[in-house]
Amino acid sequence: MPTPVALQKVSVAPDRYYSIIDGVKTEITKKEYNSPMKEGEIHSSGIAFDTSTGELSDGQHATQANGFHWVKIPDYKVIKIDPDMVVEEKATVAGLNKISLDSEAE
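For what it's worth, my numbering labels the leading residue of the sequence shown as 798, then goes sequentially.
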């Protein structure tokens, strides 16, 4: 059975905005994101974190205003888990099980 995993807390940063043209993803400003798209262009946005890369690294988590956590543990993708699945800066056994099950579903 897994044991709780210690995590380093980082902050959620402002969303990131992207333009995708011919499969090439480029970061754009919010103003560009809200402007009309060119033919064949797709706009997308995503959560960002207050780290040097804007992404979570192994052993980090960030908590949204609604209490949900974004968590990155080694060998798994970044995943959003319920508020009660991180306690005292540790991913609980229930949180680890959810991460494992959601990763298998992909």
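Note that beta-carbon positions come from the ideal geometry of N, C-alpha and C, so glycine has one too.
None of the values given here were measured: they were computed from a predicted structure.
Here DSSP, grouped into helix, strand and coil, assigns G892 to helix. For E824, the enclosing beta strand (DSSP E) covers residues 821-825. In this structure, A862 lies away from V807, with their beta-carbon atoms at least 9 angstroms apart. By the neighbour-count definition (other C-beta atoms within 10 Å, threshold 16), M834 is an exposed residue. Ranked by Cα distance from S841, the options T848, K887, Y830, G851 are led by Y830. Between the beta-carbon of V868 and that of V883 there is about 7 angstroms, and that keeps the pair under the 8 angstroms contact cut. Under the DSSP assignment, Q861 falls outside any beta strand (DSSP E); it carries neither an H nor an E label.
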